[in-house]
Structures are given as structure tokens and as C-alpha cells.
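Student: Residue numbers (full-length UniProt numbering), protein chains in the order written: chain V, 1 to 331; chain D, 1 to 331.
2 protein chains.
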Amino acid sequence: MIDTILFKSRPVGEPTLDNFEFTQEETAELKDGQLRVKAAYISVDPYLRGRMSAAKSYIPPFEVGKPLLSGMVAEVIESKNEGFKKGEFVSGMLPWKTEQVVATEGLQKVDPNLAPLSAYLGIIGMTGLTAYLGLHEIGKPKEGETLVVSGAAGAVGSVVGQIGKILGLRVIGIAGSDEKTAMLKSKFGFDATINYKTTENMQQAIAEAAPNGVDIYFDNVGGPISDAVLFNINRFARMIICGAISVYNNTEIPTGVAVQPFLVKNSALMQGFIVSNYAAKFPEVAKQLANWLQQEKLTYTETVVEGFKNTPQAFLDMMNGKNKGKMVVKV
Amino acid sequence: MIDTILFKSRPVGEPTLDNFEFTQEETAELKDGQLRVKAAYISVDPYLRGRMSAAKSYIPPFEVGKPLLSGMVAEVIESKNEGFKKGEFVSGMLPWKTEQVVATEGLQKVDPNLAPLSAYLGIIGMTGLTAYLGLHEIGKPKEGETLVVSGAAGAVGSVVGQIGKILGLRVIGIAGSDEKTAMLKSKFGFDATINYKTTENMQQAIAEAAPNGVDIYFDNVGGPISDAVLFNINRFARMIICGAISVYNNTEIPTGVAVQPFLVKNSALMQGFIVSNYAAKFPEVAKQLANWLQQEKLTYTETVVEGFKNTPQAFLDMMNGKNKGKMVVKV
């Protein structure tokens, strides 16, 4: 029997374990061209909260009663496809099941000798691609500019900051604990950090950390932190809106400082970023990220939760900022 | 003696006549290379409200005790510059004086035989350039798309809508009276209009006027109207933030619906637009606008106030939406 996690009900506000349901199913028959794979690592990410809402978005909402799905690395345990052998590993967007029969469309082979398997969900996977492409495609960084990153100790944020340093930017990270901000400096090389939970006046703290103003803002959180950044942007600032985790659980429409006057005054830009819009650039960028990783110009932190049954709790913990870096479940 | 209007005090909230002061000064001596010019038309525009605040912006604030300045068309009445003859007309950013001695830097000659003098402040001047360049450079319009224009009966808005129609867009105009919305349809060819003052549910009204969603939003107003547009944007929508007249008089920091979740969901873009950033394109675009005007593909409305002494009141009336199209003072 195969363990599966179903999406039981749509959360109102903060998701809870009650929104998930464990079930079991029979193994399916393997047809020509297909693979039978066994889950190795499952990725839990903020964007999944969006798919739990019924609202129209860039990807369809999860269906109640069906399995959830996210990024997964899985081992091929049986193959009826010439391109894939038993014992090889693949990554792709797959349902939360311990084992399943899959078509090979949308799957990439991954090599456990080049990098640890979980890195294919993180720094050289969607996380790294998001960081690199968001920063380059919208941020258009120029050496010497100042970059502010919110959610800086998260999976994407910690990579954004490191790429910023590789490109010669002044990098300021905002995170939610002294332990996290210490790590941003010691491990990821951020120039300055702000613990938003212990800072009374964020607007002033950003001004102090960015004496030349903010040219690029990589926004993972939205809400009051992003409002405070607005007061410090420079002319022609670029704001990459990659996520708004601070408001994902809101039951009312979130409000905040009106951005329009800041945009007009500064000829500034805000643009929503979704990595899948840039799929054509994935191979080239993944190669660059892998090179930097090998050259030790990039490093990463991950929070690994053991056990398939802990996947829902891992998701909830990630939403509450209990992760450092990429949160993955080792099945 | 020359009449001058000084900036007497910074308005708090809505400006009043008390913020302006009339004075007189002696005529100055004309030096080599200079012109003596007599004001013909003075432009009053929303952006002047921004310069009345002390806050840092893309142009320095007006200085209290000094003359205000804005776009002006003036007649050369004496010349010590070979390039300009008595009786010719020039346009440029000039202090609010009935007569003055000026250097020729930043002045353009204008031809009263090609178009009425006031048009050089409007449809073939800064107004038309703003409409054309904002729509093209940020809006990147594609035939068949849907364009929403706020402040549609204003100087810039009415030109934006007409250019939208020339480019084959569906054009929806938002304005503040039935007289204005009627004019948008009959005179400027808008496809649909909304009177925001008599519409209870703006979000729904926009949805009905834009059955295929909103691809481009040319925003002159900010505030609740712009919030309502957000709920109707399409994937990859472009929002040109050209002005935020609805909040210019606010004494507190304006708030509204948080835009970030809408931008992420729709991979949408918001960008502040200031026409002076695109100065290199002015000659080419002005030529295009003049051609369209001659071909009667473009038309315009202006509200002409007579008398230099009425300039402050004309500005206040324009801020309150009492103008239709471009507001100018005939000196």
C-alpha cells in the first residue's frame, strides 16, 4: 500500500493539520513509457499556501479530496522507459505519495554524485532559479547598488543575498531572529541585517543600513516590512515581488501604505515574479548555480524534516518561519 | 512693472489662495543672448502640487517666497539672440510672471500657424508626450488588449484613450461626472466609461466594462479607484503610475489595498512614469502627435481661464476636477 496525503479542506486563515488527510492506495500498474518512483525528498514552499485558496491565480488551486503536490526528488524503482534506469533519480512536481507511477514528461534526471539530492529542490533547483532569475530579470543589478532582501534567511532569500554579493552589491537582509541575522552575516556574507521582530522603527533601521538608499528590493514577505522599504527607495528602484508570506493567511484583503506615490516620485518599478515564466532560461542558470556551488561561491542551509508523515507539519512550520534556508522532508 | 505670483506658504492638505502671493517687480536689463518675453499661456498641472511639498521628489520643491513656475508659451518682445526674432513664440518651463528676461536654454520655438498656441502646452506638448510615452514605454500595448484610464477626462487621460483607440485597444475611461463620461464616448471614442462618483461597486463596474480583464491601466489618480482596478487585472498586466491626484492633498500617509499579492499572482508590473526620463524621444513623438492631430485622429478639449491673476484659482479648480481636458491660463 502507498501512503498519500490529501488536501482535506481549504484553510481559512492559518492552515492547520486538519486541512490534511492521510490515506492509502493500491499500487498502480506500470505501462509502457512510465516509471515507478519512490519519494526521496519533498519540498514545502510558501507558494503552496496560494494553491490552497480557491482564488484565481497563476496556477490552479488544489482540489479538495485530491493529493497535494510540490517539488519532489524520487528514485526510479521500476522503468518501462528506455531513457530512465532503475536506481536513477528524477525531480519534478509530483503528488505527495511515498510511491507512484508517473509519465516522464516534466521530470528531470538528477545526479546524486554532483550535489546532494535535496539541493535539486533548493539551491540548484527551483529555489536557486527563483533567486537568480528574479534578481536578474526584474532587479537588473549593477555593481555598487544596494539590495534589500526580506525573508532573507528563507530558502530563496539566502541565495538572493549571496548572488548579490557575487555581483558586487551592498546586501541588507531582513529576518525574524538574532540567530537568523547572525547566520546571514557569518554564513552568507550579508553586509548588514535587521531583525524585524526586535526593531521598533523599521523605516529608520533600513535607512541606517542603506545609507545610499535602496536600489533593489527582493520582496518575499509583503506587509509592514515592505511598506518600510518604500520610504527608502532610490530613483529608478526595482522591487521584485516574489512572495507575500506575511499576508498569505489573511482572511481579509490586506491593506498597507499606498505604493503609487512612491512609484511616481521615484520612477520606480514593482513587478510580480514567478519563476515558471522564465523556463527557457532554466538550463543555463542551473549550470551557473552548480558552478558557483562547486567553486564555493554559494553555500546553503536546509532544514530537513524526517518522515513522510511529517510533511504537513513541515509545511506549517515553514509558514511560521521555523526553517532556516530550504525546508525539505526526507521521506 | 511686471506682475509675479510667489509661492507664499506650503499647503497643508488642500491648497488655497492663501498659499499664493501677488507682487510686482521692475523690468530687468536685457543682456546679450537673452530674450524679453511676454507670457501668452500658462499651464496648470497636478504635478505642481508635489513641488509645493517639502518632501524629496524627482524635482526639487518650490521655494517659499520665490515665484512658482510651470509650462508657458510666451511671445518674444525683444531679442538679443540671433536665433530668435521679435514676434516669435517660445515654450518652456518659466516663472509665473507676465513678462521676463530669459536665457534661451530649454526653450523651444513654437509655430502658431501649425497649431493653436495652447496646444503646445497640451496635446502636442507635455500632456501629449506623457500620454504617448507612458502608454508605449511602460504599457507596451498590443492590439486587442483592454486599457483602463483613470482621470480619463483630464488632459493626459483623454489623450491616452485616443491613442489607445488608434492602436486598436478596448478603452475604458473612469471620470467624475456624467458630462465627462458622455464626452469620453462622443468626442474621444472611448468604448466604455464609468462615473466613479455615482458607482457603488467600482470593482464590479470595471469587471463589467472589461469582460476580458484589464491588460493595461493608465493610472492618473491612485486611491480607491486604482484599488478596484487591481481586482480585475490579467496575467502580465502593466500599470503605468503617472499620477496619484486623489492623494496629493493627504496630510497622512495614504493607505490602500496591498498591491503585492496581486502583482505576484498575475506576474504584473507597476511602474512610476515621469515624462522627463524620456526626453530623448520627445522630437519624434511630438511629430507623431502633430501628424495625428492634422489627420484628425486626435482631438482635444481644453479649459481656458482668462487673466494672469486667475492662475492660482485655475490651479485649485484643476485639482478639484473642474477642468475638462487641459487646463490653461490665457494671460
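We treat Cβ as the ideally placed atom computed from N, Cα and C, and that holds for glycine.
(1) Find the residues of chain D that neighbour V:K165, judging by a C-beta separation of less than 7 angstroms, and give them in chain order.
(2) Is there a C-beta anywhere in chain V that falls below 8 angstroms from the one on D:T251?
(3) Give the DSSP bridge partners of D:G173, in chain order.
(4) If you drop the 5 nearest sequence neighbours on each side, which residues of the same chain put their C-beta closer than 8 angstroms to that of V:G307?
(5) To which residues of the same chain is D:G173 closer than 6 angstroms at the C-beta, ignoring the five residues directly before and after it?
(6) Could you spell out the range, first to last residue, of the alpha helix (DSSP H) harbouring V:Q313?
(7) Flag D:T130 as yes if its beta-carbon sits less than 8 angstroms from any beta-carbon of chain V, otherwise no.
(8) How long is the line joining the alpha carbons of D:I268 and D:M239, rounded to whole angstroms?
(9) Run through chain D and tell me which residues come within less than 8 angstroms of V:D219, C-beta to C-beta.
(10) Using beta carbons (cut-off 8 angstroms, strictly below), is V:I241 in contact with chain C?
(11) How far does the beta strand (DSSP E) with D:L94 in it reach, from first residue to last?
(12) Could you tell me whether the stretch 9-27 of chain V touches the stretch 226-245 of chain D, where touching means 3 or more Cβ pairs closer than 8 angstroms?
(13) Can you check which of these residues, V:T311, V:Y58, V:I206 and V:T303, is closest to V:M327 by C-alpha distance?
(14) What are the uninterrupted segments assigned as beta strand (DSSP E) that are 3 or more residues long and contained completely in the stretch 227-265 of chain V, given in chain order?
(15) Taking Cβ positions only, does V:L133 come closer than 8 angstroms to chain D?
(16) Figure out for me which residue from V:K86, V:F84 and V:K109 has the closest Cα to the Cα of V:M93.
(17) Taking a cut of 8 angstroms between CB atoms, which residues from the stretch 267-288 of chain D lie near chain V?
(18) So, does the CB of D:R235 fall closer than 8 angstroms to a CB anywhere in chain V?
(19) Take V:S246 as the anchor and find which of V:F84, V:K38 and V:R49 has the nearest alpha-carbon.
(20) Could one say the Cβ of V:V247 lies closer than 8 angstroms to chain D's Cβ atoms, at least one of them?
(21) Leaving aside the five residues before and after D:D178 along the sequence, list all residues of the same chain whose C-beta is less than 8 angstroms from its C-beta, in chain order.
(22) So, is the C-beta of D:L263 closer than 8 angstroms to a C-beta in chain V?
(23) By how many angstroms is the C-alpha of D:I59 removed from the C-alpha of D:R10?
(24) Based on DSSP bridge pairs, tell me the residues matched to V:S79.
(25) Report the neighbours of V:S226 on chain D: residues whose CB is nearer than 9 angstroms to its CB, in chain order.
(26) Between V:P141 and chain D, is any beta-carbon pair separated by less than 8 angstroms?
(27) I'd like to know whether the C-beta atoms of V:S118 and V:Y47 end up nearer to each other than 8 angstroms.
(28) Could you give the first and the last residue of the continuous beta strand (DSSP E) run that contains V:G272?
(29) From the DSSP output, in three-state form, read off D:L298 for me.
(30) Determine the direct distance from the alpha carbon of V:P141 to that of V:S158, and round the result to whole angstroms.
(31) Answer with yes or no whether the minimum CB distance from D:Y196 to chain V is below 8 angstroms.
(32) Does D:S57 come out as helix, strand or coil in the three-state DSSP assignment?
(33) With 7 angstroms as the C-beta to C-beta threshold (strictly closer), list the residues of the stretch 292-313 of chain V near chain D in chain order.
(34) So is D:P261 buried or exposed if we call it buried at 16+ other beta carbons inside 10 Å?
(35) With DSSP as the reference, label D:A40 as helix, strand or coil.
(36) Bridge partners for D:I216 per DSSP, in chain order?
Tutor: Let me lay it out:
(1) Here residue 165 of chain V is taken as the residue at index 165 of the first sequence, counted from 1. Those within 7 angstroms of V:K165 in chain D number zero; the least Cβ separation is about 25 angstroms.
(2) The residue you call residue 251 of chain D lines up with position 251 of the second sequence. Closer than 8 angstroms: no.
(3) The residue given as residue 173 of chain D occupies position 173 in the second sequence. For D:G173, which the question treats as bridged, DSSP gives the partners D:V149 and D:T193.
(4) One-based indexing of the first sequence puts residue 307 of chain V at position 307. V329, K330 and V331, listed in sequence order.
(5) Taking the second sequence and counting its residues from 1, one reaches residue 173 of chain D at position 173. A distance below 6 angstroms between beta-carbons, with the five flanking residues on each side excluded, links D:G173 to the following residues of its chain, in chain order: V149, A152, G161, L184, F190 and T193.
(6) The count along the first sequence starts at 1 and reaches residue 313 of chain V at position 313. Start and end: T311 to M319.
(7) As a working mapping, residue 130 of chain D is identified with position 130 in the second sequence. Not an interface residue.
(8) Here residue 268 of chain D refers to the residue found at position 268 of the second sequence. Here residue 239 of chain D refers to the residue found at position 239 of the second sequence. Residue identity check: residue 268 of chain D is Ala in the sequence provided, not Ile. Using only the alpha carbons, I get a separation of about 8 angstroms.
(9) The residue labelled residue 219 of chain V in the question sits at position 219 within the first sequence. Near V:D219 (Cβ distances below 8 angstroms), the residues of chain D are Q260.
(10) No chain C appears in the structure shown, which is made up of the protein chains V and D.
(11) Your numbering for residue 94 of chain D matches position 94 in the second sequence. In the DSSP annotation of this structure, the continuous segment of the beta strand (DSSP E) that includes D:L94 starts and ends at F89 to P95.
(12) Short answer: they don't touch.
(13) Here residue 327 of chain V refers to the residue found at position 327 of the first sequence. Residue V:T303 holds the alpha-carbon nearest to the alpha-carbon of V:M327 among V:T311, V:Y58, V:I206 and V:T303.
(14) Whole beta strand (DSSP E) segments, 3+ residues: 233-241 and 255-257.
(15) Mapped onto the first sequence, residue 133 of chain V falls at position 133. Not one beta carbon of chain D lies nearer than 8 angstroms to the beta carbon of V:L133.
(16) Here residue 93 of chain V refers to the residue found at position 93 of the first sequence. The residue with the shortest Cα to Cα distance from V:M93 is V:K109.
(17) Within the stretch 267-288 of chain D, the qualifying residues are S267, A268, L269, M270, Q271, G272, F273, I274 and N277.
(18) Along the second sequence, read from residue 1 onward, the residue named residue 235 of chain D stands at position 235. Interface with chain V (8 angstroms Cβ-Cβ cutoff): D:R235 is included.
(19) Counting from one through the first sequence, the residue named residue 246 of chain V turns up at place 246. The candidate whose alpha carbon is nearest that of V:S246 is V:R49.
(20) The residue labelled residue 247 of chain V in the question sits at position 247 within the first sequence. Flagged as an interface residue toward chain D: V:V247, by a C-beta distance shorter than 8 angstroms.
(21) For the purposes of this step, residue 178 of chain D is identified with residue 178 of the second sequence, where counting begins at 1. Within the same chain, D:D178 has close Cβ partners N195 and T198.
(22) Along the second sequence, read from residue 1 onward, the residue named residue 263 of chain D stands at position 263. A Cβ of chain V is located within less than 8 angstroms of the beta carbon of D:L263.
(23) Position 10 of the second sequence, counted from the first residue, corresponds to residue 10 of chain D. Position 59 of the second sequence, counted from the first residue, corresponds to residue 59 of chain D. Cα to Cα, the separation comes out at about 16 angstroms.
(24) Taking the first sequence and counting its residues from 1, the one referred to as residue 79 of chain V is at position 79. Beta-bridge partners of V:S79 (DSSP): V:L35.
(25) As a first step, residue 226 of chain V must be located in the first sequence, where it is residue number 226. Close to V:S226, with beta-carbon spacing below 9 angstroms, are these residues of chain D in chain order: A258 and Q260.
(26) By one-based count along the first sequence, residue 141 of chain V stands at place 141. It does not: the Cβ of V:P141 has no partner Cβ on chain D nearer than 8 angstroms.
(27) Residue mapping note: residue 118 of chain V aligns to position 118 of the first sequence, counting from 1. Residue mapping note: residue 47 of chain V aligns to position 47 of the first sequence, counting from 1. For the 8 angstroms CB-CB criterion, V:S118 and V:Y47 do not form a contact.
(28) Position 272 of the first sequence, counted from the first residue, corresponds to residue 272 of chain V. First-last of the beta strand (DSSP E) with V:G272: L269 to G272.
(29) Stepping through the second sequence from its first residue, residue 298 of chain D is reached at position 298. The three-state secondary structure of D:L298, taken from DSSP, is coil.
(30) By one-based count along the first sequence, residue 158 of chain V stands at place 158. By one-based count along the first sequence, residue 141 of chain V stands at place 141. A direct Cα-to-Cα measurement between V:S158 and V:P141 gives close to 17 angstroms.
(31) For the purposes of this step, residue 196 of chain D is taken as the residue at position 196 of the second sequence. Not one beta carbon of chain V lies nearer than 8 angstroms to the beta carbon of D:Y196.
(32) Reading the second sequence from its first residue, position 57 is the one you call residue 57 of chain D. Of the three classes helix, strand and coil, the one that applies to D:S57 here is coil, per DSSP.
(33) Those residues of the stretch 292-313 of chain V that come within reach of chain D (Cβ to Cβ, closer than 7 angstroms) do not exist; the list is empty.
(34) Within the second sequence, residue 261 of chain D is the residue found at index 261, counting from 1. Counting other Cβ atoms within 10 Å of its Cβ, D:P261 reaches 16 or more and is therefore classed as buried.
(35) Reading the second sequence from its first residue, position 40 is the one you call residue 40 of chain D. Three-state result, D:A40: strand.
(36) The residue given as residue 216 of chain D occupies position 216 in the second sequence. According to DSSP, which records beta bridges pairwise, D:I216 is partnered with D:L147 and D:R238.
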